[in-house]
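Single-structure report; data block below.
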Amino acid sequence: MRLYKHIPIIMATKQFKKIGQQKADAAEIHQHNLGVMMPFIKFGMGAMKLIAGTLIYIVKHIPKPGHDEQPKPKPGGSIIKIK
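The numbering of the sequence shown is my numbering, which starts it at 41 and goes up by one.
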């Protein structure tokens, strides 16, 4: 099963152009390089998403200053004084 259907499989019978004898087509080189690098790019993007999600979770769950203090009652609020 091929994971990347848009990337052609390079067969062992393909004749590679030797350096200096023939000029390689720039589009062919780009397509080959893209096919080789695509798994690494996908892995890197997934790793960056995982790290970003973890950092966002950590930052959201850092205790805020004064979160354990009781809120001060407002003057004239629900406090009833009995004399």
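We put the beta carbon where it would ideally sit given N, CA and C, even for glycine.
Just so we're clear, the structure is a prediction, and the values are computed from it rather than from any experiment.
By DSSP, does residue i sit in helix, in strand, or in coil?
i: residue 110; result: coil
i: residue 79; result: helix
i: residue 72; result: helix
i: residue 102; result: coil
i: residue 63; result: coil
i: residue 121; result: coil
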